[in-house]
Every structure is written in structure tokens, then in C-alpha cells.
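The structure under discussion appears below in the form of C-alpha cells.
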Amino acid sequence: MKKRHLMYDYLVDYLSAITPYLSSELVSLKTIARIKKISQTLKPTWGAFLECPLTEDNSTVHFSVHALDNAIKLPSKMRSQCIWQRIQQLCMDCNCSQSRLSQEIGSIFLDFELSKNNAEIPIPSIFFNLKEGDLQCLNGDIKTFCTWLIKKVVEPLHNRTISAYLQRNLELSLTALPVEAQVLELGIMQPSPLDSIQLSISGMSPLDISKYLARIGWQGSIVELEKLAFFLNEIVDTIVLKIELGITVAPQISFDCFIYQDLYQDCYWQPLFDFLIENKLCTPKKYAALLNWTGLSYEKYSSMPWPANLKMISDFLGNRASSILVREVSHVEIIYTDNKLDAKAHLWFSPDWD
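Under this note's numbering, the sequence shown has 341 at position 255, and the numbering climbs by one with no breaks.
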């Protein structure tokens with residue numbers, strides 16, 4: 087029984103080891119306590135994301151964990167809730183090699199929105215990483231794929247019929263993609279009375295993005311968004327477009343901005359953060375907190391209690407390797423809504439070996 091308890095605590099132990107580097111400017115102590123409670127409840131994973139707002143007037147953090155390749159182990163109180171039963175069934179289906187879900191989906195992430203007004207452990211949104219993002223290798227054409235996704239994944243998860251408008255918008259949005267584009271991620275947004283699906287799309291130039299949004303009927307200012315995309319394209323390595331589909335294409339458009347250098351190498355990230363700070367999209371204190379976050383925690387030098395499972399593996403490896411915890415800024419998300427901008431940093435932490 088003790089061994090099983092240790093397995094449940096892996097992610098909690100990781101959080102405890104990296105918390106000294108996580109400033110309250112980014113995540114409040116109260117929110118960290120909620121994250122620890124979630125990580126004690128769900129089966130642990132080998133890494134996680136923290137989505138932190140960079141503006142002063144936003145405090146809603148998201149915590150995203152990889153649902154591992156078998157059923158989520160839930161306490162009895164949560165097992166009795168229908169929505170958690172449906173989420174658990176989804177993860178089990180993804181692990182079944184004979185299921186279409188297993189054939190189409192590479193991994194599942196559970197994304198918990200930790201706002202002030204929702205439950206201590208909120209119902210998560212579900213994000214799928216597609217195995218074949220170019221859509222040419224789907225098991226069937228796009229229309230067939232969309233019908234399967236709505237009828238066999240989205241509707242069972244929501245336990246209700248989904249609007250035909252959403253399926254049509256999904257079909258249009260996938261059909262309209264340029265050949266080079268890839269759908270990296272597909273999200274089912276929960277809990278919400280509105281039917282919506284989020285798409286994350288890579289492989290498009292700024293001009294491709296503006297043409298694509300016009301084709302799918304986005305009602306915002308194409309000219310202004312194109313200017314932003316061209317500017318960001320000059321100062322970051324990769325832009326990933328994020329859109330949300332419902333009865334229409336949502337007004338909010340996001341650009342996930344990736345720079346493939348560590349944040350502490352200022353020269354690569356500085357133009358982006360200069361832009362964010364000048365436009366009041368990031369406070370100087372939050373930028374300093376991000377710099378403090380980025381780095382490596384070493385088992386052999388740590389003054390904090392170290393995760394028991396990592397210590398056990400290090401002992402097995404002897405002098406060949408020792409565990410570390412990697413702390414990174416994965417990317418910065420810039421959100422455009424009705425000519426207004428917002429920004430969030432996506433932090434990642436996971437174990438590795440040195």
C-alpha cells in the first residue's frame with residue numbers, strides 16, 4: 087500500500103521541488119495549493135504545463151497534465167460523478183489498440199482552468215494531439231473524420247447532441263487548410279453550455295493565416311491580425327495559430343510563439359518581451375519571474391526534498407546519471423480579440439537525466 091501511495095505522489099513531489107522557482111507573481115500560493123490537490127487526485131505524469139497570464143489584471147492560471155496510457159485512477163467521490171466517468175472511459179478507449187481513438191490520437195491532455203469562481207478541482211477541457219496532423223493520413227476523408235469525432239467522442243463526453251453548425255464549421259476549417267498546414271492539437275472545451283472545439287494549427291505563413299481566416303468566415307479585422315502575424319514572424323521561430331469553433335468562428339484568435347533557445351539567453355527572447363512590456367502585455371516583475379523560473383534543478387545539489395521515484399532510479403543508475411528537473415518557458419501565447427491584445431506564458435516542467 088505504501089508503494090502505491092508513493093506512485094500517486096510523484097507529480098506532487100515534482101511540484102514541491104520546483105515551487106521555490108515559481109514566483110507568486112506568476113502563480114499565487116493559493117493556486118499552487120489547488121494544483122497540488124489536483125496532482126494528488128489524478129494519476130501522475132512525467133511533466134506538466136502551467137499557463138500563466140502576463141498582464142496585471144488577470145490571475146486565472148491553467149494546469150495541464152498528460153493523461154497517461156491507461157485509466158485515470160480516481161477517488162470514489164469523483165468516480166461517482168458522471169462527467170468523470172465519461173472522461174475515464176475516453177482515456178480507456180484511447181489506450182485500446184483496436185479503437186479508432188487510439189489510431190487517430192497520439193496523446194490526451196487534461197487542462198484545468200483555476201479561476202476564482204470554479205470548483206476546487208474543476209472539470210477539465212480535453213486536448214488531443216493528432217498522430218497525423220497533416221490530415222492526409224486520417225482514416226477516411228475529412229467529412230467522415232468530423233462525423234466520427236462529433237458522434238463518437240464529443241457527444242459521448244458532453245452526454246448530449248452537438249449542434250450541426252459546429253460539425254459544419256469543423257469540416258470547413260479542416261478542408262480550408264493549406265496543404266502544408268498541420269493540426270497539432272484539437273481541444274474539447276469544458277465545462278461550457280456552448281459547443282466549441284479549439285484547433286491549434288502550424289505550418290502557415292502570415293499571409294496563409296489571413297487568407298485562411300477569411301475563407302472560414304472569421305469576422306475580425308484581417309488587416310490588423312495580418313500586421314501582428316508579420317511582426318511576430320520576424321522575432322520568433324514558429325507561430326502556431328489557435329482558433330475556437332462554435333456556431334461561428336470565435337472572435338478570439340491566438341498565436342502561440344515559440345523560440346527555440348532558453349529564456350536566459352536574453353538576445354533571442356528580448357525583442358518579444360520588449361514588445362510585450364511596451365504594450366503593457368507583460369509586467370517587468372512577471373518577466374523577472376520568468377527568468378527566475380527557467381533552469382535546471384539537480385538532485386545532487388537540491389536543498390528541497392527530492393521525488394522518491396527519481397532518487398530510486400538515480401540509485402539504480404549509480405554514477406552513470408543523476409536526475410534533474412527541467413524548468414522551461416515552452417512558449418508565449420498572444421491573444422487577439424477585437425483589436426485588443428493579451429498575453430500568457432506557458433511553463434513546462436519535467437524530469438530528465440544528467
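Idealized CB from N, CA, C, for every residue including glycine. Note that this is a predicted model, so its numbers are computed, not measured.
Which residues DSSP lists as bridging residue i, in chain order
i      : result
Trp434 : Phe135 and Glu414
Ser288 : Gln268
Asp197 : Ser150 and Ser211
Cys343 : Ile325 and Val418
Val335 : Leu331
Trp439 : Ser409
Gly381 : Arg413
Ala429 : Ile420
Leu216 : Ile191
Ile124 : Ile124 is not bridged to any residue.
Ile173 : The partner list for Ile173 (beta bridge, DSSP) is empty, contrary to what the question assumes.
Gly273 : Phe213 and Gln284
Residue environment, residue i, which counts as buried when at least 16 other CB atoms sit within 10 Å
i      : result
Gly289 : buried
Ala431 : buried
Cys168 : exposed
Lys202 : exposed
Lys396 : Note on residue identity: the sequence assigns Leu, not Lys, to residue 396. So Leu396 ends up on the buried side.
Phe359 : buried
Pro139 : buried
Lys88  : Note on Lys88: pLDDT 36, under 50, position unreliable in the model; the coordinate value appears next. It is exposed - the Cβ of Lys88 has fewer than 16 other Cβ atoms within 10 Å.
Ala134 : buried
Asp440 : exposed
Ala315 : buried
Tyr346 : exposed
Leu115 : exposed
Asn245 : exposed
Cys353 : exposed
Glu310 : exposed
Asp99  : buried
Leu270 : buried
Leu97  : buried
Lys328 : buried
Ala374 : exposed
Residues of its chain near residue i, where Cβ-Cβ distance is below 8 Å and the 5 sequence neighbours each way are ignored
i      : result
Ile228 : Leu221, Glu257, Leu260 and Thr261
Leu103 : The amino acid at residue 103 is misidentified as Leu; the sequence shows Ala. Hits under 8 Å: Ser383, Ser388, Met390, Pro391, Trp392, Pro393 and Leu411.
Ile118 : Leu101, Thr105 and Leu108
Leu293 : Glu312
Gln175 : Pro242
Asn319 : Ser291, Pro292 and Ile325
Leu200 : Thr117, Arg120, Ile121, Thr146, Val147, His148, Phe149 and Pro208
Ser408 : Tyr384, Glu385, Lys386, Ser400, Trp439 and Asp440
Asn365 : Leu427
Val335 : Asn255, Ser259, Leu299, Ile302, Gly303, Trp304, Gln305 and Ile329
Nonlocal neighbours in the same chain, by C-beta distance under 7 Å from residue i, ignoring five residues either side
i      : result
Leu136 : Val113, Val147, Phe149 and Leu433
Lys371 : Glu111
Asp438 : Ile410 and Val412
Lys217 : Glu190, Ile191 and Gly192
Ile124 : Phe149, Phe198 and Ile207
Ala300 : Ile308
Asn425 : Ser307 and Glu310
Asp348 : Thr380
Whole-angstrom C-beta distance between residue j and residue i, which should lie under 8 Å
i      : j      : result
Leu272 : Tyr298 : That belief does not hold up - the Cβ atoms of Leu272 and Tyr298 are roughly 16 Å apart, past 8 Å.
Phe195 : His152 : 6 Å
Trp132 : Ser436 : 6 Å
Gly332 : Leu252 : 6 Å
Pro357 : Ile321 : 4 Å
Thr423 : Gln338 : 5 Å
Leu367 : Thr141 : 6 Å
Gln268 : Ile287 : 7 Å
Thr58  : Glu414 : A question about residue 58 goes unanswered here, because the residues of the chain that appear run from 87 up to 440.
Ala429 : Leu362 : 5 Å
Ile248 : Val240 : 5 Å
Same chain only: Cβ atoms within 6 Å of residue i, ignoring 5 sequence neighbours per side
i      : result
Glu266 : Gly289
Met164 : Trp170
Ser282 : Met275, Glu330 and Gly332
Asn255 : Leu331
Arg172 : Leu243
Ser185 : Asp179
Tyr350 : Thr380
Trp355 : Ile345 and Leu349
Residue i beta carbon near the ligand HEM (any heavy atom closer than 7 Å)
i      : result
Phe214 : The ligand HEM is absent from the structure shown, which contains no ligands of any kind.
Original post:
Are there three or more Cβ pairs, one per stretch, closer than 8 Å when the region 274-281 is compared with the region 209-218?
Top reply: yes
Subject >> Contact between the region 416-425 and the region 335-342 (3+ Cβ pairs under 8 Å) >> reply: yes
Original post:
Are the region 230-238 and the region 304-324 in contact at 8 Å, needing three or more beta carbon pairs?
Top reply: no
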